[in-house]
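Notes for the one structure printed next.
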Amino acid sequence: MVYFALTSYAEDADSGEIAQVGATSIMIEWQPGSRALLQADESKFGQPRTITVSALPDTNVERRRLKQANAWADFQPTGFYLNPRQSLVAKVSGVSGDGPQPEILVGTPALVDPESPDQEVASQLESLGLLGNGNHDVSAEEGGIVYIRYVYAGDTRPPPVTVTLEGAAAQPFPLFRQGVTTDEEWLAMLRETKVPFAEHAGDAVIITGMAVEALKYAERGQSQQELLDTYKHIIAAQDAISGLDVKAHDARDRPSPLRPMVVQSNKKRYADASDYRAAIGTDTIEDIWWRPTLAQSWKMWHELGHHRQHTETWSWRNLTEVTVNIYTLAARRLFPEASTEHATVEEWDAAKAYLAGDAGDKVFEQQPVFTMLVMFEQLRVVFGDKFYHKLHRRSRAAPDLDDEADKKHFFMTQAAEIAHTNLTPYFTSWGLLPEKRTVDEMGKQPSAVEDYTAKPVFGGH
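All letters in the sequence shown, in the order written, are residues 3 to 463 by our numbering.
Written out as structure tokens, the structure is:
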């Protein structure tokens, strides 16, 4: 609130002196960032205001099915920005009597605030409520990019619904729809827009950031289809190492129809992952928009990999920054000629030096992240990609484990069963310190035929 005191004066006709003749005060509500954003020519933006929305599985149900650490987006881009505190008319039809209802969400998680680059946007997936059939007046205090969530939790998928966004409160902004938008249309939108955001609705990913950055890379000649296909290949590679297959007999082992988001975030952030998104700081965003950089971006592969970790069964607490790289390496193998900062000969040499030490002095969890990663990569190299396919499938079929020691026990015993090998000497050499119950269980398998710790990885010898 801003307080204004107003005083009026007049000149006395006889004396010529100025005298107060009145006074009043008023309080006015004022909030920063409330300037409405309006496009000069909406016809330059191809996305329709009437949107047919197909139902998606609820993200929490999907996360539990897949046993993955983070949820993915169960909401869908619209290509519209809702101005703060302005009324949007949402017309909804097609909702069945006892079926789920759509809801409008406003604001992108972790998105940089264009007016304060050190901060994120204030509104992040703010729900404007469930919407039945009919017309609804809705608004958001802070405004933001509009998404529609329409989800179901059971086995039967409900029919699509139709949502129409009416009125100037919702403004279109650059949205690249894979298979629909052309590169020429994308460039025209980016050059025209008065709303500072840009978004890709890809088959496998949603990318959100600043239009000015998207324009920079589009003007370099970036094919948006090639960019989105590269993301699709990365996500498919991480699906594959996780034992996910569209033809899997068990529904638990099929890839998710949901998508992760990749979001341009504030300048203070380097990169991190959480529910729905991988966030990349504004100072290092070439990884987001430029395919040649994405194709050698350990950072991007790594953050997307965090979503995949099985933290409830076999990836115990000390391994947060280790097992993530099982999925990073799966993406890395798509680009064998790329130069990356990790999975190097030097990291193999460091692990080899550690392995040469006295077993009694070794504690696996106290080693550098990339020394520990060597063990997980050795298991893949020795026993093949199918080792991790089977581990993930068994994990999805297993109950969740609360105790970290139980997770470690699960990993070692399952590894031995999958390998049909007593891995006690191997894990002992690595310093995993298996408990008696773990040694007893692994001892049911045949002895190893070679010293697997000697198997070089990362191009080492």
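Every residue gets a Cβ at the ideal spot worked out from N, C-alpha and C, and that includes glycine.
This one's a predicted model, so the numbers in the text were calculated from it and none came from an experiment.
With respect to the 8 Å criterion, Asp289 and Ala281 are not classified as neighbours on the basis of their beta carbons. Within the same chain, Cβ atoms closer than 7 Å to the Cβ of Gln369 are found at Tyr356, the five residues on either side in sequence being excluded. With 16 or more other Cβ atoms inside 10 Å of its own Cβ, Ser244 counts as buried. Annotation for Arg319: Glu406 place their beta carbon closer than 6 Å to its own, counting only its chain and skipping 5 residues before and after. Taking the Cα positions, Phe175 is about 31 Å away from Ala333. Taken in chain order, the complete beta strand (DSSP E) segments of 3 residues or longer contained in the region 225-291 are 263-267, 273-276, 279-283. Cβ neighbours of Ser341 within its own chain (closer than 7 Å, five residues either side excluded): Gln298. Pairing Val108 with Ser45, the inter-Cα distance amounts to about 23 Å. Of all alpha-carbon atoms in Pro162, Asp185, Ala142, the one lying nearest the alpha-carbon of Gln224 is that of Asp185. As the crow flies, the alpha-carbon of Leu39 is around 22 Å from that of Ile53. For the alpha helix (DSSP H) assignment, the uninterrupted runs of no fewer than 4 residues enclosed by the region 60-100 are, from N- to C-terminal side, 61-68.
Looking at the DSSP output, Arg179 sits in a beta bridge with Ala203. The beta carbons of Ile106 and Ala92 sit about 6 Å from each other, so the pair counts as a contact at 8 Å.
Where Pro116 is concerned, there is no enclosing alpha helix (DSSP H), because DSSP gives it neither an H nor an E.
DSSP, read as helix, strand or coil, puts Ala216 in helix. Cβ-Cβ distances below 6 Å link Leu189 to Ala220 in the same chain, with the five nearest sequence neighbours on each side left out; the list follows chain order. Using a Cβ-Cβ distance cut-off of 8 Å, the region 359-368 and the region 427-441 are in contact, since at least three pairs of beta carbons, one from each stretch, lie closer than that value. Under the three-pair Cβ rule at 8 Å, the region 263-273 does not count as touching the region 346-353.
Boundaries of the beta strand (DSSP E) around Asp139: 136-140. Going by beta carbons, Thr315 and Leu403 fall inside the 8 Å limit. Going by beta carbons, Ile150 and Val55 fall inside the 8 Å limit. According to the DSSP assignment, Ala399 belongs to no beta strand (DSSP E) but to the alpha helix (DSSP H) extending over 388-399. Counting C-beta atoms within 10 angstroms of its own C-beta, Asn85 has 16 or more neighbours from the protein chains shown and is therefore classed as buried. Contact check for Tyr278 and Pro458: beta-carbon distance about 38 Å, past the 8 Å limit, so the pair fails to qualify.
DSSP, read as helix, strand or coil, puts Leu336 in coil. The beta carbons of Gln240 and Leu306 sit closer together than 8 Å. Secondary structure of Leu167 (DSSP, three-state): strand. If the five residues before and after Gln380 are omitted, its C-beta is found closer than 8 Å to the C-beta atoms of Tyr454, Thr455, Lys457, Val459, all from its own chain and listed in chain order. By DSSP's assignment, Gly131 forms no beta bridge with any residue. When DSSP states are grouped into helix, strand and coil, Ser449 belongs to the strand group. In this model, Arg335 and Val214 are separated by some 32 Å (Cα to Cα). Taking the CA atoms as reference points, Lys269 sits about 6 Å from Asp285. DSSP places Pro174 in the strand class (E or B) of the three-state scheme. Scanning the region 332-378 from its first residue to its last, the whole alpha helix (DSSP H) runs of 4-plus residues come out as 347-357. For Gly307, the three-state secondary structure derived from DSSP is helix.
Taking 8 Å as the cut-off, the beta carbon of Pro160 is found closer than this to the beta carbon of Tyr154.
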